[in-house]
Amino acid sequence: MNAPARFDTLPRYATAAKAIESLKPSEPLYLVRPKKFAAAARQFQDGFPGDVLYAVKANPHPIVIEQLWKAGIRHFDTASLGEIEIIKSIAPSAICHFMAPVRLAGQAKAAFEQHGVTDFVVDSESELDKLLAETGNAKKLRVFVRLVAQLGGALLEMSSKYGCLPEEAAKLLKRVKAA
């Protein structure tokens, strides 16, 4: 991703149509309404008493992350080391939760050692083994075990992609507690 332009140097357009008319782009155009991100974040936080995690994969653009940070979002659901690096480059004190159920070898180690990430998700024993090995069985980890959602009726069935069955979750939680 290229370095983002600063807000004060970005051209401003009254509407998307005006931007297209003026720029006549030959490639897709990315239009941002920074104040809308901040307003939505504040509105959500006002109605939710817990910690709000923004899923970085939804829109990792630095302008978006900056606005969310300014609006008070302090926790970020990250799915890769690259997403963690984006967050930490903008908000070094942000709390990243590494919520990818399957990580490339070495990513948990780098996230833990280089960026201080202590919150991880696991969906299987092999992922728990990898996490514990890469973090040296660190005692300060917070490990989340994701349950599979077997709701049915979805247009796109994703329940087998994320989570584990309750029996497997119980085994994982016992191992996490014992670690």
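Following the numbering used here, the numbering of the sequence shown begins with 1365 at its first residue and continues without gaps.
All C-beta atoms, glycine included, are put in the ideal place defined by N, C-alpha and C.
In the DSSP annotation of this structure, the continuous segment of the beta strand (DSSP E) that includes A1419 starts and ends at L1417 to A1419. A straight-line Cα-Cα distance of about 22 Å links K1535 and H1461.
The criterion of a C-beta distance shorter than 9 Å is satisfied by A1405 and G1436. The alpha carbon of T1379 has as its nearest neighbour, out of K1388, S1390, E1391 and L1395, the alpha carbon of L1395. Beta-bridge analysis with DSSP links H1439 to L1417 and I1459. Taking every protein chain shown into account, the CB of P1389 has fewer than 16 other CB atoms within 10 angstroms, so this residue is exposed. Looking at the DSSP output, V1507 shares a beta bridge with F1484.
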